[in-house]
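Colleague: Taken in order, these protein sequences are the chains called A and B.
Quick note: the first sequence, position 210, residue 210 per the UniProt record's numbering, numbers continuous.
Quick note: the second sequence, position 264, residue 264 per the UniProt record's numbering, numbers continuous.
The beta carbon of each residue, even a glycine, is placed where N, CA and C say it ideally should be.
For clarity, every value in this text was computed on a predicted model and none was experimentally measured.
Shown below is the structure under consideration.
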Amino acid sequence: MTAPDSSILNQYLVGKEPFYQPQHDEVALFEAAYRRRLPVMVKGPTGCGKSRFVEFMAWRLGMPLVTVACNEDMTAADLVGRWLLDKDGTRWQDGPLTVAARYGAICYLDEIVEARQDTTVVIHPLTDHRRTLPLDKKGELIRAHPDFQLVISYNPGYQSLMKDLKQSTKQRFTGFEFDYPNAELEAGILVQETGVAPSIAAQLVAVAATARRLKGHGLDEGISTRLLVYAAMLMDDGVAPRAACRMALVQPITDDADIRATLEHAIDMAFA
Amino acid sequence: MTDHPRDPSLPSRLAAYRKQLDCRFPWVGEVFSDCIAKASARLGPAGVSAYVDAARVLCKLGRGEEPVLIFLEEWPDVGAALGDGTLEMVMQMVQFMQRTPNGNAIGGFLQTLAPVSRTLLSREQLGHYLNTLRDMMERTTGSIHGHHQTHPSPGLPELLRQAPTLLQSLTVDGLRNWVDYGVRNYLHHPERQKDFFSLQSADSRAVLQRERHGTLLADVERKLDLYLRGLWQDSEVLVPYSTAFATLRTPQPYYDALGMRLPDVLDDLPGVSALDHYRAILAHMVGHRRWSIPQTADNWSPFQRMAVEFFEDARIDTLLIRTYPGLRAILLALHPKPAEGACDPETTSCLRHRLAMLSRALLDPEHGYRNPVLHDFVGRFHRELAGGNADTPTMARLALDYVTTTRRQSDQFAKVHFADTEISYRDDNRGLWRFIESGDEEEAFDAEQRKSPDLETQGLPPRHYPEWDYQSQSYRPDWVSLYEGLHASAAAATIDQLLLKHAALAKHLKRLLDLLKPQDKVRIRYQEEGSELDLDVALRSWIDFKSGSTPDPRINMSHRTAGRDIAVTLLLDLSESLNEPVKTGGGDGQTVLQLSQEAVSLLAWSIEQLGDPLAIAGFNSNTRHEVRYLHIKGFSEPWGDAVKGRLAALQAGYSTRMGAAMRHAGHYLAARKADKKLMLVLTDGRPSDVDVQDDRLLIEDARQAVKELDRDGIFTYCISLDPHADAYVADIFGRQYTVIDHIARLPEKLPELFIALTR
Numbered sequence: 001m002t003a004p005d006s007s008i009l010n011q012y013l014v015g016k017e018p019f020y021q022p023q024h025d026e027v028a029l030f031e032a033a034y035r036r037r038l039p040v041m042v043k044g045p046t047g048c049g050k051s052r053f054v055e056f057m058a059w060r061l062g063m064p065l066v067t068v069a070c071n072e073d074m075t076a077a078d079l080v081g082r083w084l085l086d087k088d089g090t091r092w093q094d095g096p097l098t099v100a101a102r103y104g105a106i107c108y109l110d111e112i113v114e115a116r117q118d119t120t121v122v123i124h125p126l127t128d129h130r131r132t133l134p135l136d137k138k139g140e141l142i143r144a145h146p147d148f149q150l151v152i153s154y155n156p157g158y159q160s161l162m163k164d165l166k167q168s169t170k171q172r173f174t175g176f177e178f179d180y181p182n183a184e185l186e187a188g189i190l191v192q193e194t195g196v197a198p199s200i201a202a203q204l205v206a207v208a209a210t211a212r213r214l215k216g217h218g219l220d221e222g223i224s225t226r227l228l229v230y231a232a233m234l235m236d237d238g239v240a241p242r243a244a245c246r247m248a249l250v251q252p253i254t255d256d257a258d259i260r261a262t263l264e265h266a267i268d269m270a271f272a
Numbered sequence: 001m002t003d004h005p006r007d008p009s010l011p012s013r014l015a016a017y018r019k020q021l022d023c024r025f026p027w028v029g030e031v032f033s034d035c036i037a038k039a040s041a042r043l044g045p046a047g048v049s050a051y052v053d054a055a056r057v058l059c060k061l062g063r064g065e066e067p068v069l070i071f072l073e074e075w076p077d078v079g080a081a082l083g084d085g086t087l088e089m090v091m092q093m094v095q096f097m098q099r100t101p102n103g104n105a106i107g108g109f110l111q112t113l114a115p116v117s118r119t120l121l122s123r124e125q126l127g128h129y130l131n132t133l134r135d136m137m138e139r140t141t142g143s144i145h146g147h148h149q150t151h152p153s154p155g156l157p158e159l160l161r162q163a164p165t166l167l168q169s170l171t172v173d174g175l176r177n178w179v180d181y182g183v184r185n186y187l188h189h190p191e192r193q194k195d196f197f198s199l200q201s202a203d204s205r206a207v208l209q210r211e212r213h214g215t216l217l218a219d220v221e222r223k224l225d226l227y228l229r230g231l232w233q234d235s236e237v238l239v240p241y242s243t244a245f246a247t248l249r250t251p252q253p254y255y256d257a258l259g260m261r262l263p264d265v266l267d268d269l270p271g272v273s274a275l276d277h278y279r280a281i282l283a284h285m286v287g288h289r290r291w292s293i294p295q296t297a298d299n300w301s302p303f304q305r306m307a308v309e310f311f312e313d314a315r316i317d318t319l320l321i322r323t324y325p326g327l328r329a330i331l332l333a334l335h336p337k338p339a340e341g342a343c344d345p346e347t348t349s350c351l352r353h354r355l356a357m358l359s360r361a362l363l364d365p366e367h368g369y370r371n372p373v374l375h376d377f378v379g380r381f382h383r384e385l386a387g388g389n390a391d392t393p394t395m396a397r398l399a400l401d402y403v404t405t406t407r408r409q410s411d412q413f414a415k416v417h418f419a420d421t422e423i424s425y426r427d428d429n430r431g432l433w434r435f436i437e438s439g440d441e442e443e444a445f446d447a448e449q450r451k452s453p454d455l456e457t458q459g460l461p462p463r464h465y466p467e468w469d470y471q472s473q474s475y476r477p478d479w480v481s482l483y484e485g486l487h488a489s490a491a492a493a494t495i496d497q498l499l500l501k502h503a504a505l506a507k508h509l510k511r512l513l514d515l516l517k518p519q520d521k522v523r524i525r526y527q528e529e530g531s532e533l534d535l536d537v538a539l540r541s542w543i544d545f546k547s548g549s550t551p552d553p554r555i556n557m558s559h560r561t562a563g564r565d566i567a568v569t570l571l572l573d574l575s576e577s578l579n580e581p582v583k584t585g586g587g588d589g590q591t592v593l594q595l596s597q598e599a600v601s602l603l604a605w606s607i608e609q610l611g612d613p614l615a616i617a618g619f620n621s622n623t624r625h626e627v628r629y630l631h632i633k634g635f636s637e638p639w640g641d642a643v644k645g646r647l648a649a650l651q652a653g654y655s656t657r658m659g660a661a662m663r664h665a666g667h668y669l670a671a672r673k674a675d676k677k678l679m680l681v682l683t684d685g686r687p688s689d690v691d692v693q694d695d696r697l698l699i700e701d702a703r704q705a706v707k708e709l710d711r712d713g714i715f716t717y718c719i720s721l722d723p724h725a726d727a728y729v730a731d732i733f734g735r736q737y738t739v740i741d742h743i744a745r746l747p748e749k750l751p752e753l754f755i756a757l758t759r
């Protein structure tokens, strides 16, 4: 069922091709999943390119992308929609999930574990063979548009009892495990994103490798590709390499003096 | 003794060990089984046997049971930390002390051995420490008529007491210098000698400060560990060796199966911080482990081997620099730069000098040397490495060629040019060589591996706690041994009857508790559905709506009864004095213990009503070697028959060493995740113990314990039943105490007090 105002989705179309460097065969796999409209879950540490990948796939498939950044205060109504008061009485306002399901878009729930578990169960009927979304407040049962697909992302690294997905939610999705790209690819990404010299990109990647090996030894999370891009941008603007690395790579990730000393030493060693 | 389960074969072996010990001191007999359980978990059969033998020797010394007890308690830790072989060294020291007038200090020596061994980390270091002590003893033990030593060393007991503190800030070398200063200056002033060694005199502290220099390995160990992991994907045990006691030659770093050996302290050098120096040493060793292949050494002369080492080291450094270009600056700053004409080939063997220059030239493109042969080999070296990493045999060929090309008759001379040829960040390359005819190297003899403490300790080993010595304003490390266990059990019905007896009181308390509950209501705003309309938010929403933006539908609020977040530990003094009957009226012949039981039951019941986590434990002590800590109720245990049974079985005996018990209770309480932590101490007398003569000592220790707990966010409160408590209780607990004079009213007072405290 396509309502007259399906043009509402035009704003969600991804206009320009986002730069995405495939690591393996994830593009083909995602396309295969989309052909059968299977729900997709994208896992991986922060800043490794999960959201960029989804954006890229939406562009590649020519689909509008409705993104919801999940947070703790989010209620089911924030996803599904709610009644509003109007001068004529009340009016139903679709939530982002409903919009995507009704008019056919990829709905991307970013960092889904941040939402409370009772909120996430509303996606259950959309993610199995039923592909329906009951709006109990409105008394309507939406059958998902044939183009609709649900994508979620989360970072399994939180390792918190409170922040995990229920098995019943997890087992509705096909999954991609993302990690930081290997050194060559990552250097290539830095060059492509920021125009920095390949040699400098390689040095930045070497510093990141140091930090990633310290994960679990006082660091919760290694230096992400996103931070490397920031550092490269700063350097591209003429900031001295050490200052840029300290600002973008060291200060954000740790307050531990010993680790800071080790990372700064690694920077000195890499940028001779 | 504590009734923890044991290894089934232990009792039979225990009997044998007891026979072997052959010691009739009563306390030794009591603690022996626990000590053996601990020792057999850490030392292995041969070690335990030697341990028992040593205890036997101590027993026969005629110095009372104190040294035996200390030894039995402390040795398993020391032996496990430093290896079994150290026992012999320690016993030699004891025998030596026994022969001199210093025999009384044996106890002190053994007492501080455990904390000292924790800072020393290796056997050689312990040997140096013992030599320092022996030297000090020999020099300070007095003699009157010239020949026989008759007066004990005045400073020795103080030195032994301070040793753990000293070694935390000094290396063994620093300690030796410090001791030496004290002996030299105060040899003939016994009192001032004591002051010096107890760190009371000003110059004693000044010398201590002076001796503390350089960067200690122990201080940067974590940084180095992170460095190995982060930059080199490697990790290894870092073992310090002392640089101060080697007189013949400076020891070099090395690595073997047991770890990487580094100097225990390094000083900053021009251009290189000590930390970077350590890092360079580690990087070089990692390089060897990664890229070097051991070579058969038998067919090569010492000169040839030396040349191979120089070439191989340079290859490793080159590869390191290739990985991290920044390393070049550090390595070059540490690498000596021998002057070209510094060695005279007519009179001196110059091979070392030539190789050091070559090594410099291999790393430093701007070396400035003019020797054509050197340039030729530098070129060949870089050509070998241009295509890849090359390997050790390639370097060996190059090195042999170099030795042949540059050989001079004078290389054989005994006089060797050493200046500027030693490269401090390189290890001694013992891993580079393989000897086909092996077996007579020194290492082969002491290759016996240290036993890992793989056996699970049976039951709970004693925990050691420090005690505050107010006179020296310092802690006596590991002074008190605390054994913990579950309290014995009896019929739970007894407690139920007690509660029945106080039914009226319980009813009164229930009213109070109900008053306590509704106070902690919390308003939860921004609810879509709630019990009341939140007017502020509703108005804001209405305005939003009128102005055409999305209104917030969460205009309701509701209430929630917030859970009280208080964790409580009730610590009961179970000392002998509790058995006394209550004298003042209304007690009808009950003992203080029975009244305490009633009071604690009521309190536990009340706290259960409130739902706060509560733990109950009792303690008493029989000298510092045996403080017992008995669990009666755990935090998560419900107030049920098991707990009531334990409470019913309460028995009183022995003395009140309060500080250790409070520290132990505090360590459990600190681990709780609660907003407020409360420790109630129910006691009937002043802290005291049979082995302490000084009345103030344990009071001051308890006061210190309260301060420590306060620092950890634990609120301590004392309920004292001692009518004379005013004399000391404020000293310990400040204003956080109540003295209950009318003991018969304890059952109603205690819960009321708790309610008042947590309202």
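Thinking C-beta only, is glycine 326 of chain B closer than 8 Å to alanine 232 of chain A?
Modeller: No; because the gap between Cβ atoms is not below 8 Å, this pair is not in contact.
Colleague: For phenylalanine 303 of chain B, which residues of its own chain have a beta-carbon under 8 Å away from its beta-carbon, when the five flanking residues on both sides are left out?
Modeller: Hits under 8 Å: Leu351, Val403, Asp411.
Colleague: So, with DSSP's three-state summary, where would you put glutamine 527 of chain B?
Modeller: In this structure, glutamine 527 of chain B counts as strand in the three-state DSSP scheme.
Colleague: So, is leucine 187 of chain B buried or exposed, given that buried needs 16 or more other C-beta atoms within 10 angstroms?
Modeller: That one is exposed.
Colleague: For tryptophan 433 of chain B, which residues does DSSP report across the bridge?
Modeller: In DSSP, tryptophan 433 of chain B forms a bridge with B:Gln295.
Colleague: List, in order along the chain, the chain B residues whose C-beta lies closer than 9 Å to that of isoleucine 253 of chain A?
Modeller: None at all; the shortest Cβ gap to chain B is about 13 Å.
Colleague: Thinking C-alpha only, which one of B:Phe109, B:Val265, B:His128, B:Tyr324 is nearest alanine 202 of chain A?
Modeller: Looking at the Cα atoms, B:Tyr324 is the closest of the given residues.
Colleague: With a threshold of 16 other CB atoms inside 10 Å of the CB of cysteine 19 of chain A, please say whether the residue is buried or exposed.
Modeller: Before going on, a small fix: residue 19 of chain A reads as phenylalanine here, not cysteine. It is exposed - the Cβ of phenylalanine 19 of chain A has fewer than 16 other Cβ atoms within 10 Å.
Colleague: Return the CA-CA distance between alanine 257 of chain B and serine 122 of chain B, expressed in angstroms with no decimal places.
Modeller: About 15 Å.
Colleague: Is the separation between the beta-carbon of leucine 572 of chain B and that of leucine 603 of chain B shorter than 8 Å?
Modeller: No, they are not a contact pair.
Colleague: Are there 16 or more other CB atoms within 10 angstroms of the CB of valine 522 of chain B, so buried, or fewer, so exposed?
Modeller: Answer is exposed; the Cβ neighbour count stays below 16.
Colleague: Between which two residues does the beta strand (DSSP E) holding proline 240 of chain B run?
Modeller: From DSSP, the beta strand (DSSP E) with proline 240 of chain B extends over 238-241.
Colleague: Against chain B, does leucine 85 of chain A count as a neighbour if the rule is that its beta carbon must be under 8 Å from one of theirs?
Modeller: Yes, because at least one Cβ of chain B sits closer than 8 Å to the Cβ of leucine 85 of chain A.
Colleague: Between B:Ile321, B:Arg279, B:Asp534, which has its C-alpha nearest residue 834 of chain B's C-alpha?
Modeller: Lying before the first or after the last residue shown, residue 834 of chain B is absent from chain B, which here runs from 1 to 759.
Colleague: Using only CA atoms, which one of B:Phe25, B:Asp469, B:Gln651 lies nearest to valine 692 of chain B?
Modeller: With distances taken between Cα atoms, valine 692 of chain B lies closest to B:Asp469.
Colleague: Which residues mark the beginning and the end of the alpha helix (DSSP H) in which glycine 222 of chain A is found?
Modeller: Careful: glycine 222 of chain A lies outside any alpha helix (DSSP H) and carries neither H nor E.
Colleague: What does phenylalanine 715 of chain B pair with, by DSSP beta-bridge criteria?
Modeller: Note: phenylalanine 715 of chain B sits in a beta bridge opposite B:Leu678.
Colleague: Over the uninterrupted alpha helix (DSSP H) stretch that includes asparagine 177 of chain B, give me the two end residues.
Modeller: Residues 172-186.
Colleague: Is it the case that the segment 127-138 of chain B contacts the segment 87-97 of chain B, given that we only count it when at least three CB pairs across the two stretches are under 8 Å?
Modeller: A contact exists between the segment 87-97 of chain B and the segment 127-138 of chain B.
Colleague: Does any C-beta atom of chain A lie closer than 8 Å to the C-beta of alanine 671 of chain B?
Modeller: False, the Cβ-Cβ gap to chain A never drops below 8 Å.
Colleague: With lysine 43 of chain A as the anchor, note down where its beta strand (DSSP E) starts and where it stops.
Modeller: It spans 40-43 - the beta strand (DSSP E) in which lysine 43 of chain A sits, taken as one unbroken run.
Colleague: Going by Cα to Cα distance, which pick from B:Asp219, B:Val220, B:Leu166 is closest to residue 771 of chain B?
Modeller: This structure does not reach residue 771 of chain B, given that chain B is present from 1 up to 759, and the question cannot be answered.
Colleague: Under 8 Å, with one C-beta from each stretch per pair, do the segment 530-547 of chain B and the segment 641-657 of chain B reach the 3-pair mark?
Modeller: They do not touch, by the three-pair rule.
Colleague: Could you work out which residues of chain A lie near alanine 329 of chain B, taking near to mean beta carbons separated by less than 8 Å?
Modeller: Ordered by position in chain A, the residues that pass the 8 Å Cβ test against alanine 329 of chain B are Ala272.
Colleague: Could you tell me which residues DSSP pairs with glutamine 93 of chain A in its beta bridges?
Modeller: Answer by DSSP bridge pairing, in chain order: A:Arg82.
Colleague: Among the residues of its own chain, which have a CB less than 6 Å from the CB of leucine 358 of chain B, if the five just before and after it don't count?
Modeller: Excluding sequence neighbours, leucine 358 of chain B sits near Leu374.
Colleague: Judging by CA-CA distance, which residue of B:Leu262, B:Ala725, B:Ala46, B:Tyr227 is the nearest neighbour of valine 239 of chain B?
Modeller: Ranking the options by Cα distance to valine 239 of chain B, first place goes to B:Leu262.
Colleague: Counting only beta-carbon atoms, is alanine 115 of chain A nearer than 8 Å to chain B?
Modeller: Chain B contact via Cβ: absent.
Colleague: Got a sec? Which residues, its chain only, sit under 8 Å from serine 292 of chain B by beta carbon, not counting five neighbours each side?
Modeller: Excluding residues within five positions, the ones whose Cβ falls inside 8 Å are Glu312, Ile316, Thr392, Gly431, Leu432.
Colleague: Serine 452 of chain B by DSSP, collapsed to three states: which one?
Modeller: A caution first: serine 452 of chain B carries a pLDDT of 48, below 50, which makes its placement in the model unreliable, though a value can still be read off. Coil.
Colleague: Using only CA atoms, which one of B:Thr394, B:Gly387, B:Glu366, B:Leu398 lies nearest to aspartate 376 of chain B?
Modeller: Ranking the options by Cα distance to aspartate 376 of chain B, first place goes to B:Leu398.
Colleague: The beta strand (DSSP E) spanning cysteine 107 of chain A covers which residue range?
Modeller: 106-110 is the extent of the beta strand (DSSP E) around cysteine 107 of chain A.
Colleague: Could you name the residues of chain A that leucine 266 of chain B contacts, counting a contact when the two beta carbons are closer than 9 Å?
Modeller: Those do not exist, as leucine 266 of chain B stays about 16 Å from chain A at its closest Cβ, beyond 9 Å.
Colleague: Alpha carbon to alpha carbon, how far is alanine 77 of chain A from glutamate 177 of chain A?
Modeller: The straight-line gap from Cα to Cα measures roughly 30 Å.
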